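Enquirer: Before anything else, here's the structure in question.
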Amino acid sequence: MRSFLFFFTFRNRIVTLFTRLLLPMEDKQLRILVSGDVCGEYDTMFQRVRSVMKKNGDFNVLFCVGSFFADSEASREVWLEYKEGRRAVPLPTYILGPNDGSTADLFPSADGGEVAPGITYLGHHGVLRTATGLAVAYLSGHETRNGKAEAWQHAAADGNALTEMGSAETDILLTSTWPEGVCKYSPEPMSLDPTSESSIVANVCRFLQPRYHFAGLQGFFHERVPFRNHEVLRERPKPVTRFIGLAGATAKKGRWLYAFSMTPWSRSPLVDLNKQPPDVTENPWSRSNVAKATMDHGEETHQAMQFFFDLGDRGKERGRQARGQRRGRGERRSLMDEGLPLVPSKHQRTTGFSPAVTPDSCWFCLASPNVEKHLVVSIAEHMYMALAKGPLTPEHMLLSPISHHPSSPTLPPPALAEAQKFIRSLKLFHESRGARAIMFERNYRSVHLQLQVVGVPSHCSTEDIKEAFEKDAKFRGFDLQEIPESSDLSQVVPMGAPYFYVELDSGQKLLHRIHNKFPLHFGREVLAHKCLLNVPERSDWRACQDGRDTEERQAAAFRKMFSPFDFTLTD
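Sequence positions in the sequence shown follow mature numbering (1 follows the signal peptide of the UniProt record, and there is no 0) and run -16 to -1, 1 to 555.
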């Protein structure tokens, strides 16, 4: 009888879940600020931002295009105060990379990372999605003119990688330089510095078709009239692109701080997205223009262009790979993947954002057709629990939100409360079996929140487990800091910052703020060590996968064992 009731409840929750997911999402506008070249004038810029916020209310985020740093001794001294936290920033701030060699030492690596409290370097190039669904693509530096790209330059290969990461649902494109030819068909033709234009940026804009494109380095403000991204009478309407070139913070004339509101593409009705304003112009990069540019710029530009016109099966397949539908030699990405980048680029960076995947293509959103639903053990209103793929033990569980959220700080309060209920239930379950429940999370190169909970035999004390994590971290060259048990991650980690987090059975919490590279399997490797679970051969989930039949049996067995502790059956 209990099995029948469980099945009935489980079935009803799935039906309720999919009914809810079919309903329209809340139309919530984001308030965004974008700055032009800061050039070391940090106080000027942030004081202006504070003034705007005081007059107009809070904004969600600040993006900076062009050159953020300057090489003067005075600006470096001021920057040190921001870096050390002696000067605060008014809102989360994201910057692009260097545009010359003089300030390259101020950036942690091409992968990006936090450069000061509240200020994050996005990376050389990538596509990011915020917890609110905003899709942001970015490309740093000048275009290389000799094929070899320095740290402050971009080449055709970088543009190709970015277009493969991206999709046709890009809200914002941020670049250091203007796209070459963007003023074509504009009623305001102008003379531009050719060293601060890029044909590669033009290619990226032509392919991604962002709703907004911001750039710097030209030294003046220009808001181009919108241009269309479809061929009239031959294609269905698409959202227009609005290009805005921003002046620098040191400019005596010209607008360098741009404020606007937008609803992310993923939350907008198609009819609103596709509206064509009365002043819209032709796209500056028509097919004939692109073909001519290919001849003018040679093979380097041709490599950057070729992706746009490869419309056969090969091109479609590459697009599918870029969006994570296939990887490697046709290997499917599994529900419990370790969150590797969807494309193999050393420049891709996830700073609390997820790579640009939509909920229906995400491998963790429960409504996605890609989810391996036979691994699911329990479903609540906002969270679900599933057997980990390639588990350390048969009781290795993974907790994920039903909707698309990349990390714990981005969870809405109801989802966070359910996650905590699942963790408490798992602690009770493992205590009843003579084990300690250890939970860990890695918000780094991941697309969707994964809280992993593993039981460790109670003959391993809490201090033993804590010491194992701390020693292994120290051996690898980083520290795990203990944070107050009463605190939550949103209080100690800025929104968007990458981190690794462990919660012990005692409630003790260990945190590492990731600034550079981080071992993706760190949590598994520590627990798999011979001093704890003694299963070192299972530290990499890919080396210990079971067949579907075995996974179904394991999930069913755990579901039965866990049922006395499963709050979803009684709430």
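We put the beta carbon where it would ideally sit given N, CA and C, even for glycine.
All values reported here derive from a predicted model rather than from experimental measurement.
Pick out the complete alpha helix (DSSP H) segments inside the stretch 44 to 104, 4 residues or longer, and give them in chain order.
Expert: At a cut-off of 4 residues, the continuous stretches assigned as alpha helix (DSSP H) that sit fully inside the stretch 44 to 104 are 57 to 67.
Enquirer: Put R307 into one of helix, strand or coil per three-state DSSP.
Expert: Its pLDDT being 31, under 50, R307 is placed unreliably in this model, and the value from its coordinates should be taken loosely. Of the three classes helix, strand and coil, the one that applies to R307 here is coil, per DSSP.
Enquirer: Do you know offhand how far residue 584's Cα is from R212's?
Expert: The question about residue 584 has no answer, for the chain in this structure spans -16 to 555.
Enquirer: Please determine if the stretch 500 to 519 and the stretch 532 to 549 are in contact, where contact requires at least 3 C-beta pairs separated by less than 8 Å.
Expert: Touching, no, given that fewer than three Cβ pairs across the two stretches are closer than 8 Å.
Enquirer: What is the C-beta distance between L46 and L90, in whole angstroms, given that I count them as a contact (C-beta under 8 Å)?
Expert: About 18 Å; that fails the 8 Å criterion.
Enquirer: With DSSP as the reference, identify every bridge partner of A199, one or two as the case may be.
Expert: Within the DSSP bridge table, the entry for A199 names G229 as partners.
Enquirer: DSSP state of K493, grouped into three classes?
Expert: strand
Enquirer: Can you list the alpha helix (DSSP H) stretches of 4 or more residues lying completely in the stretch 150 to 220, in chain order?
Expert: 183 to 192
Enquirer: Which runs of the beta strand (DSSP E) fall wholly inside the stretch 424 to 454 and span at least 3 residues, in chain order?
Expert: Taking only runs of at least 3 residues, the beta strand (DSSP E) segments lying wholly in the stretch 424 to 454 are 435 to 441.
Enquirer: Do F204 and A231 have their beta-carbon atoms positioned less than 8 Å apart in this structure?
Expert: yes
Enquirer: Got a sec? Which residues, its chain only, sit under 6 Å from H154 by beta carbon, not counting five neighbours each side?
Expert: Residue identity differs from the one stated: residue 154 is Thr in this sequence, not His. By the criterion of a C-beta distance shorter than 6 Å, T154 is surrounded in its chain by A119, A121, L192 and P194, once the five residues flanking it on both sides are discounted.
Enquirer: Using a C-beta cutoff of 8 Å, does K12 count as contacting chain D?
Expert: Absence of chain D from the displayed structure is noted, only one protein chain being present.
Enquirer: Work out the CA separation of L112 and V438 for me, nearest whole Å.
Expert: 30 Å
Enquirer: Find out if the Cβ-Cβ distance for the pair F406, L383 is shorter than 8 Å.
Expert: yes
Enquirer: To the nearest angstrom, how far is the alpha carbon of G461 from that of F484?
Expert: The alpha-carbon separation between G461 and F484 amounts to approximately 14 Å.
Enquirer: So who's on the other strand from T265, going by DSSP bridges?
Expert: F211
Enquirer: Which of helix, strand or coil does DSSP assign to S252?
Expert: coil
Enquirer: Measuring straight from C-alpha to C-alpha, what distance separates P478 and A100?
Expert: 11 Å
Enquirer: Return the chain-ordered list of same chain residues with a C-beta closer than 8 Å to the C-beta of N500, the five sequence neighbours on each side being excluded.
Expert: A distance below 8 Å between beta-carbons, with the five flanking residues on each side excluded, links N500 to the following residues of its chain, in chain order: P92, S93, D95 and G97.
Enquirer: Count the other CB atoms, across all protein chains shown, that sit within 10 Å of the CB of M149; report buried if there are 16 or more and exposed otherwise.
Expert: It counts as buried.
Enquirer: Determine the contact status of Y66 and L106, defining contact as a CB-CB distance below 8 Å.
Expert: no
Enquirer: Measure from the alpha carbon of P261 to the alpha carbon of each residue in T225, G238, K236 and W240, then state which is nearest.
Expert: T225
Enquirer: Helix, strand or coil for E415 per DSSP?
Expert: Three-state DSSP puts E415 in a helix.
Enquirer: Among Q436, L488 and E61, which has the Cα closest to the Cα of C444?
Expert: L488
Enquirer: If you run the structure through DSSP and keep just helix, strand and coil, what is L553?
Expert: helix
Enquirer: By Cβ distance, which residues of its chain are closer than 7 Å to A88, with the 5 residues on each side in sequence left out?
Expert: P82, A135 and W136
Enquirer: Could you check what DSSP says for Q137 in three-state terms: helix, strand or coil?
Expert: strand
Enquirer: Assuming T161 and L201 are in contact, meaning their beta carbons sit under 8 Å apart, how far apart are those beta carbons, in whole angstroms?
Expert: 6 Å
Enquirer: Could you have a look at H109 and say whether DSSP puts it in helix, strand or coil?
Expert: strand
Enquirer: Excluding the five sequence neighbours on either side, which residues of its own chain have a C-beta within less than 7 Å of the C-beta of D463, listed in chain order?
Expert: A457 and H496
Enquirer: Where do the ends of the alpha helix (DSSP H) carrying R508 lie?
Expert: Note, R508: alpha helix (DSSP H), F506 to A512.
Enquirer: Alpha carbons only, please: which of I363, A452, R208 and I156 is nearest the one belonging to L553?
Expert: I363
Enquirer: In its own chain, which residues sit with a C-beta less than 6 Å from the C-beta of G117, not counting the 5 before and 5 after it?
Expert: P248, S250 and R251
Enquirer: How many angstroms separate the CA atom of E454 from the CA atom of G491?
Expert: 16 Å
Enquirer: Taking Cβ positions, are V22 and F43 nearer each other than 8 Å?
Expert: no
Enquirer: Terminal residues of the continuous beta strand (DSSP E) containing S245?
Expert: Run containing S245: L241 to M246, per the beta strand (DSSP E) assignment.
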